[in-house]
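Asker:
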Amino acid sequence: MTTQYLDMFSRLTEGSDGGKREFLEIGRLAGQFPAASVRGVEDASRISVWCSNDYLGMGQHPAVLDAMKEAVDRYGAGAGGSRNIGGTNHYHVLL
C-alpha cells in the first residue's frame, strides 16, 4: 500500500485527540422502541436508534418474542453455517 493510502487510513481511524476512535456504547430498552440509553455516561438522556435492522420494532413485538423463545427452546441458539453445508432450516422453509 502506498504511503498516501496509509496516511489517509490512519487519519480516518484516529480521533481528534490522536487516539483511536471511541464508539458510543448503548443499551436498547426492551418494550420502548426505538429508545436506547447511553452506557457509562452520567445523567445521559435517552436516545432514539433508527439505524438497526429492527427499524419497524417487530423484534420487540410479543408474538415475535414468543416465537423466538419457542425456537430457541426447541432448536437451541447459534449462528450455524450456510445452508450449503448445514442444510436448510425448517423455519426458512416456513417463510
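Position 84 of the sequence shown, counting from 1, maps to 89 under this note's numbering, and the rest follow consecutively. Glycine included, each C-beta is placed from N, C-alpha and C at the ideal position. None of these values were measured; they are calculated from a predicted model.
#1: Can you look up residue 57 in the DSSP assignment and give me helix, strand or coil?
#2: Would you say residue 54 and residue 33 are within 8 Å of each other, going by their C-beta atoms?
#3: Per DSSP, residue 50 forms a beta bridge with which residues?
#4: What residue range does the beta strand (DSSP E) around residue 32 cover?
#5: So what does DSSP say about residue 84, is it helix, strand or coil?
#6: Hey, would you say residue 35 sits closer than 8 Å to residue 65, going by beta carbons?
#7: For residue 43, which residues does DSSP report across the bridge?
#8: Please classify residue 14 as buried or exposed, where buried requires at least 16 neighbouring CB atoms within 10 angstroms.
Answerer: Taking the geometry as given:
#1: Indexing the sequence shown from 1 puts residue 57 at position 52. Residue 57 falls in the coil class under three-state DSSP.
#2: The residue labelled residue 54 in the question sits at position 49 within the sequence shown. The residue labelled residue 33 in the question sits at position 28 within the sequence shown. The answer is yes: Cβ separation under 8 Å.
#3: Stepping through the sequence shown from its first residue, residue 50 is reached at position 45. According to DSSP, which records beta bridges pairwise, residue 50 is partnered with nothing at all.
#4: Taking the first residue of the sequence shown as position 1, residue 32 is located at position 27. Where residue 32 is concerned, the enclosing beta strand (DSSP E) stretches over 31-33.
#5: If you number the sequence shown from 1, residue 84 lands on position 79. In the structure shown, residue 84 adopts coil according to DSSP, grouped into three states.
#6: Translated into positions along the sequence shown, residue 35 becomes position 30. Translated into positions along the sequence shown, residue 65 becomes position 60. Against a cut-off of 8 Å, the Cβ pair of residue 65 and residue 35 comes out as a contact.
#7: As a first step, residue 43 is located in the sequence shown; it is residue number 38 there, counting from the start. Residue 43 has 31 as its beta-bridge partners, per DSSP.
#8: As a working mapping, residue 14 is identified with position 9 in the sequence shown. Answer is exposed; the Cβ neighbour count stays below 16.
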